[in-house]
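> First residue of the sequence shown: 0, per numbering that gives the first Met the number 0; consecutive thereafter. A virtual CB, placed ideally from N, CA and C, is assigned to each residue, including glycine. Nothing here was measured: the structure is a model prediction, and the numbers come from that model. So that we are looking at the same thing, I have put the structure below in structure tokens.
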Amino acid sequence: MRGLSSLLKSNNIYGKWNQLTTKASYCTKPETKQWPRKIVSGIQPTGILHIGNYFGAVQRWVKMQESGENVTFFIADLHSMTMPYEPAKLRENIYELIATLLACGIDSKKSPIFLQSTVPQHAELCWILSCLCTMPRLSQLPQFKEKSAQVRDVWAGLFMYPVLQAADVLIHKATHVPCGEDQLQQLQLASHLAKLFNNRFGETFPVIKPIIGQDASGRIRSLRDPTKKQSKSDPNDKSRITLRDSPDAIRKKIKRAITDFTSEVTYDPTKRPGVANLVGIHALVKNVSPQEICNEAKGLDTGKYKLVLADDLVNLLDPIRLKIEDYLKNRDYLEAVLKDGRDVASQTAETTLKEVKHRVGVNIL
Ligand code: ATP
Ligand code: MG
0 MRGLSSLLKS NNIYGKWNQL TTKASYCTKP ETKQWPRKIV SGIQPTGILH
50 IGNYFGAVQR WVKMQESGEN VTFFIADLHS MTMPYEPAKL RENIYELIAT
100 LLACGIDSKK SPIFLQSTVP QHAELCWILS CLCTMPRLSQ LPQFKEKSAQ
150 VRDVWAGLFM YPVLQAADVL IHKATHVPCG EDQLQQLQLA SHLAKLFNNR
200 FGETFPVIKP IIGQDASGRI RSLRDPTKKQ SKSDPNDKSR ITLRDSPDAI
250 RKKIKRAITD FTSEVTYDPT KRPGVANLVG IHALVKNVSP QEICNEAKGL
300 DTGKYKLVLA DDLVNLLDPI RLKIEDYLKN RDYLEAVLKD GRDVASQTAE
350 TTLKEVKHRV GVNIL
């Protein structure tokens with residue numbers, strides 16, 4: 000797997016970032032306030048979660064929650080409207096996602112989980128931030144480039160998506176956001192907007208820091224094309240292992256995962272990305288290093304090794320799949336969890352929005 004710093008360099012983010020911060024002279028004032036650590040993170044209801052979402056986000060959320068961190072989670076339903084979708088399917092996906100988060104071990108009593116659209120202050124802050132954000136800055140973002148290439152008509156919502164993402168975390172004054180590598184550029188935009196806002200209107204927001212897994216969890220790759228990440232919205236279902244796949248489906252997908260012509264099991268993300276992806280996933284499943292996985296797999300060819308990996312994945316995922324099915328039988332409970340989350344999140348969001356409106360000069364009533 001490419002390290003974070005090489006990713007940053009290859010995308011020339013350092014250069015662009017320096018350019019942006021030095022050009023805007025009012026954006027260079029250092030942060031002065033010490034903000035209490037607060038973690039906010041969201042996930043889109045665009046389909047069934049896959050192991051990339053699990054290891055890259057949800058499993059880490061659970062660990063943070065267990066270690067007593069101040070965390071808030073949300074289902075990013077407004078974001079899932081930026082690409083073509085069916086309303087009935089979206090509604091179903093929302094139930095499925097909240098059931099999945101609970102089945103993965105998120106405890107709604109310890110921290111709020113809410114539906115983004117039920118806290119309208121997110122969208123209001125998005126508008127205010129959009130009046131600080133330039134169009135060239137947004138059009139550079141890789142996610143916009145990738146997703147806009149998939150549709151004939153590019154909606155303005157897709158273009159604005161990263162500003163809403165910035166609002167999602169800033170409205171709750173998040174200091175840290177756990178996520179996969181794919182979100183890095185968007186989070187840099189959020190930090191950029193926080194700095195711009197603070198320097199123009201007075202210190203209001205913490206400058207957000209991403210928390211990205213330094214192991215394989217930062218970027219779990221597609222089983223069909225290891226140059227791409229696994230994605231809920233990838234049209235090829237065989238590219239990902241989902242948390243609702245049956246044991247049989249998991250075994251079939253792993254068996255057909257793209258590897259190469261060398262039969263030995265080694266961990267070399269650059270030269271052998273397909274095999275390294277499987278070893279990386281296995282290391283996360285067993286909570287050991289990739290090297291330990293390779294040592295255990297000594298003497299196995301990749302075909303036989305895949306059977307071992309598939310069994311270990313089934314052991315991890317099957318209890319989660321059964322719990323999701325149980326939670327889905329009790330929709331009233333799922334709605335109650337989201338309502339409780341909304342009530343808590345709305346209070347923080349409203350306090351921030353009042354402060355923001357005061358600072359930007361629109362709160363005369
Ligand atoms: P979509 O294809 O609809 O964008 P997605 O699979 O990319 O779906 P998101 O809802 O956009 O999922 O992202 C939710 C969280 O999961 C984010 O923190 C994101 O960084 C993380 N994530 C997504 N895909 C991966 C992956 N393949 N490896 C590690 N983390 C991932
Ligand atoms: Mg995504």
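Please identify the residue among HIS191, ALA155, LEU308, PHE72 whose C-alpha is closest to the C-alpha of SER110.
PHE72
> Going by DSSP, what residues sit across from SER40 in a beta bridge?
PHE72
> Taking only the alpha-carbon atoms, compute the straight-line gap between ASP106 and PHE113 and give it to the nearest angstrom.
12 Å
> Secondary structure at PHE113, three-state DSSP: helix, strand or coil?
Strand, per DSSP.
> Using a Cβ-Cβ cut-off of 8 Å (strictly less than) and excluding sequence neighbours within five positions of TYR332, which residues of its own chain qualify?
TYR326
> Excluding the 5 residues flanking SER442 on each side, which residues of the same chain have their C-beta closer than 7 Å to its C-beta?
One cannot answer for residue 442 here, as it falls past the ends of the chain, which runs 0 to 364.
> Are the beta-carbon atoms belonging to PHE200 and ARG358 less than 8 Å from one another?
Yes.
> Roughly how many angstroms lie between the CA atoms of ILE219 and GLU85, to the nearest whole one?
27 Å
> Who are VAL118's beta bridge partners in DSSP?
Paired residue(s): none; VAL118 is not in a bridge.
> Just curious, the beta strand (DSSP E) that LYS208 is in, first and last residue?
208–210
> By how many angstroms is the C-alpha of LEU352 removed from the C-alpha of ASN314?
45 Å
> Just reading off the alpha helix (DSSP H) that PRO246 is part of, what are its end residues?
Here the alpha helix (DSSP H) through PRO246 covers 246–254.
> On the DSSP letters alone, give me the boundaries of the beta strand (DSSP E) that HIS175 sits inside.
175–177
> Could you pull the start and end residues of the alpha helix (DSSP H) that THR351 belongs to?
330–359
> Where do the N-terminal and C-terminal ends of the alpha helix (DSSP H) with GLY273 fall, by residue?
272–285
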